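First up is the structure itself, then whatever we jot down about it.
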Amino acid sequence: MKITDIKTADARIKIDGHPRYRYHYVRVYTDEGVYGTGETSHVDSGWRDTTHDMARMIIGQDPRDVDACFELIRRAYIFRGGLAGAGISALTGIEIALWDLAGKAQSVPVYRLLGGKFRHRIRLYVDSAHTDYQQRAEEVQERGFTAIKFDLDDANHPHKLDRWNWSVTPDELKSLVDQAFAIRQGIGSSLDLALDLHGRYDATAGMKMAQALEPLNLMWLEEPVPPENIDALNKITQSTSTPICVGENLYLRYGFRDLLEKQAADIIMPDISKCGGLSECRKIANMAEIYYIPFAPHNNSSALSTVADAHVCASVPNFLALEFHRFNDPTWEQVVDSDGAVIQDGHVVLTDKPGLGVELNEDFLSAQLEAGESLWH
Ligand code: MG
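Dropping the structure here:
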């Protein structure tokens with residue numbers, strides 16, 4: 303079996319006639335007719351060109367040699383984005399498509415090729431940003447979810463010193479901590495609760511907040527400081543009993559090595575459709591496992607990539623929860639064709655279908671395009 307072509311689709315999902323969500327898909331074709339589909343996230347407008355440039359390198363290769371195809375491209379890109387960033391994200395989309403293809407070619411679900419499953423129901427947590435916490439907590443529980451996340455940071459807080467300074471003033475700290483306590487009280491003690499700070503604070507501010515939130519029994523506090531300095535993060539993690547979670551802007555195993563060796567975080571959240579793909583993230587989760595660190599992937603992607611993520615989450619023991627961003631988006635399930643709903647009772651339910659187990663709903667995606675536009679290029 304040989305790879306013959308790779309195409310990309312830039313899907314723009316409309317809500318009430320206006321473009322709202324944008325998803326980036328990759329399809330790998332073979333000389334035996336079987337194809338695989340992947341998705342990447344957090345890429346810029348150069349993603350399409352980069353993906354097609356990368357694709358040229360693996361035309362003629364056996365797509366079932368997923369890791370070798372990945373490494374062939376990554377090593378060639380060391381001088382131009384092979385370490386981190388949008389280059390790795392483009393490569394990630396190809397990697398996921400290769401896994402879908404490898405599964406279909408061998409008539410097994412992808413998790414079988416990743417070592418088999420520890421579970422087939424993958425627990426989701428609902429990213430709820432700044433929504434009304436009480437109402438959202440009731441809605442998510444009614445629909446079977448057991449974990450939720452809210453944003454706590456406020457870049458435009460009226461008590462901030464200025465927009466560039468990352469310290470926290472006494473009034474700002476008090477209002478953020480009061481807000482966190484109100485959230486916990488409002489949602490009750492049973493839901494697992496995470497709060498996100500988006501790396502908007504300095505080390506002292508991050509430490510003050512993590513310590514002040516200790517009574518709330520958080521599932522985690524996310525990114526109290528920006529992701530570049532592991533030692534500064536480590537200072538916070540060691541200073542508090544609040545679990546600290548980071549990793550949505552780190553790439554590849556190499557990006558997590560320092561973090562894990564220093565145990566500078568209590569939980570890690572690689573973005574599987576951005577930071578290297580299914581094989582790489584399984585390895586990252588395995589690295590975390592030897593420090594007894596749970597794996598709770600970041601995810602802002604469509605249903606296709608969320609299902610791809612679920613295969614990795616199924617294949618590692620230390621999985622905690624997978625992010626779900628589109629709680630009230632009626633188009634989320636429509637993007638794919640699947641056997642039954644992708645999300646059932648707050649979980650992605652994996653099937654025994656070969657490959658990822660879902661296919662893009664191309665009629666739906668094509669209907670979102672402008673007249674005369676085609677989906678795949
Ligand atoms: Mg975050």
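Per our numbering: the sequence shown = residues 303 to 679.
C-beta: ideal position from N, C-alpha, C; glycine also.
The structure presented is a predicted model; accordingly, all values stated were derived computationally and were not measured.
{"Query": "Per-residue burial, N458 [other beta carbons within 10 Å of its own, 16 or more giving buried]", "Result": "exposed"}
{"Query": "Given E582 as reference, the closest of R438, I424, K406, A370 once Cα atoms are compared", "Result": "A370"}
{"Query": "Assigned secondary structure, K510 (DSSP; H/G/I helix, E/B strand, else coil)", "Result": "helix"}
{"Query": "Cβ-heavy atom distance, D498 to the ligand MG, below 8 Å", "Result": "yes"}
{"Query": "Pair within 9 Å by beta-carbon distance, I360 and L374", "Result": "yes"}
{"Query": "Per-residue DSSP class, three states only, for C547", "Result": "strand"}
{"Query": "CB contact below 9 Å: E441 versus chain B", "Result": "Within the model displayed, chain B is absent; a lone protein chain is all it includes."}
{"Query": "Backbone secondary structure at Q565 - three-state DSSP", "Result": "coil"}
{"Query": "L667 CB to nearest heavy atom of the ligand SAH below 8 Å", "Result": "This structure lacks the ligand SAH; its bound ligands are the ligand MG."}
{"Query": "Any non-hydrogen atom of the ligand MG closer than 8 Å to H600 Cβ", "Result": "yes"}
{"Query": "Residues of its chain near G445, where Cβ-Cβ distance is below 7 Å and the 5 sequence neighbours each way are ignored", "Result": "Contrary to the premise, residue 445 reads as Arg rather than Gly in this sequence. Closer than 7 Å at Cβ, skipping near neighbours: G648."}
{"Query": "Separation of L658 from G642, as counted between CA atoms", "Result": "14 Å"}
{"Query": "Environment of F597 [buried if 16+ CB atoms lie within 10 Å]", "Result": "buried"}
{"Query": "DSSP bridge partner residues for E341 (one or two, in chain order)", "Result": "Y327"}
{"Query": "For D369, three-class secondary structure by DSSP", "Result": "helix"}
{"Query": "Contact set for K406: own chain, Cβ-Cβ below 7 Å, skip 5 residues either direction", "Result": "V336, G338, P656, G657"}
{"Query": "Residues bridged to Y427 [DSSP beta-bridge criterion]", "Result": "E625"}
{"Query": "Rounded distance between the beta-carbons of T332 and I396, thought under 8 Å", "Result": "About 14 Å; that fails the 8 Å criterion."}
{"Query": "According to DSSP, residues forming a beta bridge with P411", "Result": "G657"}
{"Query": "Segment limits, alpha helix (DSSP H) that includes F483", "Result": "472–489"}
{"Query": "W468 - containing beta strand (DSSP E), residue span", "Result": "Careful: W468 lies outside any beta strand (DSSP E) and carries neither H nor E."}
{"Query": "Contact test: E530 Cβ vs the ligand MG heavy atom, cutoff 8 Å", "Result": "no"}
{"Query": "Separation of L393 from Q487, as counted between CA atoms", "Result": "43 Å"}
{"Query": "Check: E263 C-beta below 8 Å from any heavy atom of the ligand MG", "Result": "Here the chain covers residues 303 to 679 and nothing more, so residue 263 does not appear."}
{"Query": "Reference E635, options E530, S603, V614, C615, closest by Cα", "Result": "S603"}
{"Query": "Which listed residue (N630, L518, M509) has its alpha carbon closest to that of F483", "Result": "L518"}
{"Query": "For A598, three-class secondary structure by DSSP", "Result": "coil"}
{"Query": "Presumed contact (8 Å Cβ cut-off) between S560 and I532, rounded CB distance", "Result": "Before going further, note that residue 560 is Asp rather than Ser in the sequence given. Indeed they touch by this definition, with Cβ atoms about 5 Å apart."}
{"Query": "Residue burial classification, A512 (beta-carbon count within 10 angstroms, cutoff 16)", "Result": "buried"}
{"Query": "CA nearest to the CA of H600, picked from R376, Y323, V330, K451", "Result": "K451"}
{"Query": "Secondary structure of E444, DSSP reduced to three states", "Result": "helix"}
{"Query": "Three-way DSSP call (helix, strand, coil) for W678 in this model", "Result": "strand"}
{"Query": "Reference S492; option with closest CA among E524, V442, N467", "Result": "V442"}
{"Query": "Counted within 10 angstroms of its Cβ, other Cβ atoms place F381 as buried (16 or more) or exposed", "Result": "exposed"}
{"Query": "Residue of A616, I569, E591 minimising C-alpha distance to L580", "Result": "A616"}
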